[in-house]
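Participant:
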Amino acid sequence: MLRRIRLVLIALAVIVGLQPVAVAQAGSPPGASVASGTSRAGSGDTGSRETASRDTTGETGDAAATDVARARVATEVLLDSYDQQKAWFPSSWWNSAVALQTIGDYMERTGDRSYVDELDHSFETNKGPFPAGERSTDEIYGNFTSRAIDDAGWWALNWVTAYDLTGDQKYLDMAGTIADFMHEFWDPSTCGGGIWWDEERTYKNAVTNGQWVRLTAELHNRIPGDTAWLERSQEAWDWYAASGMINAEGLVNDGLTDSCANNGDTVWSYNQGLGIGAALELYRATGDPELLGSARRLADAALGSDALVTGGVLTESCDPLGRSCDDNQKQFKGIFMRYLMELADTTGEARYQEFVDLQAETVWANDRDSSERLGLRWGGASSAESPNVFDWRTQASALSALIAAVPVDAPRRSLSATMSPAQLVVMPSPGAASQVRTEVEVAATSDGQLPVRADVRVSAPDGWAADPARSQVELMPDGDGTPARASIPLEVTVPADAEDGSYPLTVRVTARPGLSYTTRVTVQVASVVDFDAGTTQEVAWLWDAGGSGLSQSGSRFADGTSHFVYKFPFPAEATSAEATLTIDNQYVVDVGPDGASWTTVLTEDEPIRDGSNKADHTLDLTPHLGPDKAVYIRVTDAFPADGWGGGVYHVSARYGTS
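If you're matching positions, the sequence shown starts at 50 in this note's numbering and goes up one per residue.
1. Does any residue of chain D have a CB that is nearer than 8 Å to the CB of residue 304?
2. Just list the alpha helix (DSSP H) runs in the stretch 422-483, keeping only unbroken ones of 4 residues or longer that don't cross its boundaries, in chain order.
3. Among residues of its own chain, excluding the 5 on either side of residue 107, which ones have a beta-carbon nearer than 6 Å to its beta-carbon?
4. For a test of the three-state rule: what should DSSP assign to residue 605, helix, strand or coil?
5. In the structure shown, what three-state DSSP assignment does residue 230 receive?
6. Could you pull out every residue in the same chain whose Cβ sits closer than 6 Å to the Cβ of residue 688, ignoring the five residues on either side in sequence?
7. When you compare each of 291, 352, 649, 561 to residue 464 by their alpha carbons, which one comes out closest?
8. Where residue 601 and residue 196 are concerned, what is the direct C-alpha to C-alpha distance, given to the nearest angstrom?
9. Tell me whether residue 491 sits in a helix, a strand or coil according to DSSP, three-state version.
10. Could you give the residue range of the alpha helix (DSSP H) that holds residue 305?
11. Starting from residue 647 and walking both ways along the alpha helix (DSSP H), at which residues does that stretch end?
12. Our contact map puts residue 225 next to residue 268 with C-beta atoms below 8 Å; I'd like the distance itself, whole angstroms only.
13. Identify which residue in 505, 177, 258 has its Cα closest to the Cα of residue 192.
14. On the premise that residue 155 lies in contact with residue 778, defined as a C-beta separation below 8 Å, what is that separation, rounded to the nearest angstrom?
15. If you draw a straight line from the C-alpha of residue 264 to the C-alpha of residue 428, how long is it?
16. Please report the residue range of the alpha helix (DSSP H) in which residue 338 lies.
17. For residue 430, which residues of its own chain have a beta-carbon under 6 Å away from its beta-carbon, when the five flanking residues on both sides are left out?
18. Give me, in chain order, the residues of the same chain whose beta-carbon lies closer than 6 Å to that of residue 693; leave out the 5 immediate sequence neighbours on both sides.
19. Pull up the CB-CB distance for residue 615 and residue 651, whole angstroms please, since I reckon it's below 8 Å.
20. For residue 330, is the classification buried or exposed, using 16 other Cβ atoms within 10 angstroms of its Cβ as the cut-off for buried?
21. Nearest by alpha-carbon distance to residue 142: which of 153, 402, 205 is it?
22. List the endpoints of the continuous alpha helix (DSSP H) containing residue 114.
23. Who are residue 616's beta bridge partners in DSSP?
24. Return helix, strand or coil for residue 672, following the three-state DSSP convention.
25. Please list the terminal residues of the continuous beta strand (DSSP E) segment that includes residue 705.
26. For residue 481, does the count of other Cβ atoms within 10 angstroms reach 16, so buried, or fall short, so exposed?
27. What residue from 232, 707, 574 has the CA that sits closest to residue 198's CA?
28. When the Cα atoms are used, what is the spatial distance from residue 432 to residue 462?
29. Counting Cβ pairs, one atom from each stretch, are 3 or more of them under 8 Å apart for the stretch 341-358 and the stretch 414-424?
30. Is it right to say residue 442 is buried, meaning 16 or more other beta carbons lie within 10 angstroms of its own, or is it exposed?
31. Is it buried or exposed, residue 277, if we count other Cβ atoms within 10 angstroms and call 16 or more buried?
32. For a minimum of 3 consecutive residues, which ranges assigned as the beta strand (DSSP E) are wholly contained in the stretch 152-185?
Shown next as structure tokens:
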């Protein structure tokens, strides 16, 4: 499946001795991999956040350009999971708000405005009410509010970022509407103040009150002549700082007991980060140096604590081998990095930027798979019993570390490349070579409307062939931070004697002066199909993720209008085939020869939600073998209204010859 890209090819020219040069300009909305015509993306308002100039002594422009390129690529991978129809990331309500804000952070940091439309689409699609089970287990009342007050808070913070990017008043108005809703749960009659975590008023905690201070200060800083939001923010900070949630070590515990004492619950990085961000935004509103000192103390406590940092790497208590983080906890570290980035920008202090840079380098070196996905454990720890986890939540979280490493004054020139698809699979015919196809997608920005001519070179394993092995592409960016993009088709020939295994192809893209970027594609040579959902082994067979998600129980699931498709490219001599799926809940399974036409072969007729129908089902694929002997299997939701679609745990497939 092709990455979501903005690509416009406007001309082709032949360079003597090389493959054709594609000339491309910066374009706007996503579409096919190659489109005709031209389109230029406009730039938005960069927002009003006040920062100190980052000292980039010792950092070359090339290194900073690499920071931009890495953040761009990781953002593209995150957007692969965006569900265009529901305009969110499936299937998590508040997590989607945080992921969208992370994309906003990327755009604000780099000047790239490629994804402003996604923010608008998410706003317009999701601003209304939804019944329980449609967007959340809770009913959504409208205006991004529900019984979970902190969920509403994440959406409000996201819309402030969208306002900073675009200057569109509707976003700031929505943030104010959500804040009005949250204010209804400020209650001085219990613990002397604070916002309740839930509509039932059962708990006062760090996350909701950190959000509240930050949000009210943000509103004040963006509404001319405001005094009401500032008063609320100052009152909330005074209560928060004195509440006891910040312990003697300067770390933020999760919340308060019924008797209004620190409950001693887990120190999570996002609570610490929200405390930093709250103090910083109120400091911007008031200029009170004590608030900046509070932000520093919270950051210093985190960076010096074994509870949050292991071997210099930000680590949650659920991260180590043998433990697992739930879907909420997967995103906590990214929230901390968002606000530590702001502290580094505001103070210009080296210790914060050094920590930020170490996280980014660690993620890129140790926590990235061959599809450019970023995982849960930033140090990269993984084992058969406790594998590292990769999904859109971990992607968004680690992306925040990469964004934080981009200098405040991001370089105008940058160069990146990705592969689409980045995972290829071959089921070879005995004694015959095989061919697979992918595309090299090149993106570049420049200082002004200056062309970027990139040289693309492919390195393949011994005995393999890549065509073209070398090519050039000329890109014409607009100079506003939004990259121009172009795509180069690549055919890979796998030799007949290639044994089962994974084989890397490396693609190096360079442009003068001094820009370079290396990407990769992995070719999986496989005689058999046998994988668990959510593992690295699944990636090569997953032809279209289609907005699907991964459950805590180990299944890939398709809720509502989402789907997912596996492709099995059986060899030319295959005359029969079958597949076995371990599947549960409300599934529909379709099979087809081309990824476009489908025959339903398996359906769950009952609205089962508890996995009680989990079983192995063997499908006869023989009638569906395509002209190229490929078969596609699609899983969708039998009852799309209630959000409990089919979940696949394990897949195996076999073929026979006459």
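Even glycine gets a Cβ: it sits at the ideal position worked out from N, Cα and C.
Facilitator: With the structure as the only source:
1. Judged by its chain identifiers, the structure shown contains no chain D, having just a single protein chain.
2. 441-454
3. For residue 107, the predicted model reports a pLDDT of 31, less than 50, meaning its position is unreliable and no value from the coordinates is stated.
4. strand
5. helix
6. 635, 656
7. 561
8. 23 Å
9. In this structure, DSSP gives residue 491 an extended state, which the three-state scheme calls strand.
10. It is not in any alpha helix (DSSP H) - residue 305 carries neither H nor E in the DSSP assignment.
11. Residue 647 -> no alpha helix (DSSP H), and no H or E assigned at all.
12. 6 Å
13. The residue with the shortest Cα to Cα distance from residue 192 is 177.
14. No statement about residue 778 is possible, as the shown extent of the chain runs from 50 to 707 and does not include it.
15. Rounded to whole angstroms, the gap between the alpha carbons of residue 264 and residue 428 is 32 Å.
16. 338-352
17. 370
18. Closer than 6 Å at the Cβ level, and outside the excluded window around residue 693, lie 634, 635, 658.
19. Between residue 651 and residue 615 the Cβ distance is about 14 Å, and since that is not below 8 Å, they are no contact.
20. Residue 330 counts as buried, since at least 16 other C-beta atoms from the protein chains shown sit within 10 angstroms of its C-beta.
21. 205
22. 110-128
23. 681
24. Here residue 672 sits in helix by DSSP.
25. Unbroken beta strand (DSSP E) run through residue 705: 696-705.
26. exposed
27. 232 is the residue among 232, 707, 574 whose C-alpha sits nearest the C-alpha of residue 198.
28. 39 Å
29. no
30. It counts as buried.
31. exposed
32. Entirely contained in the stretch 152-185, not one beta strand (DSSP E) run reaches 3 residues.
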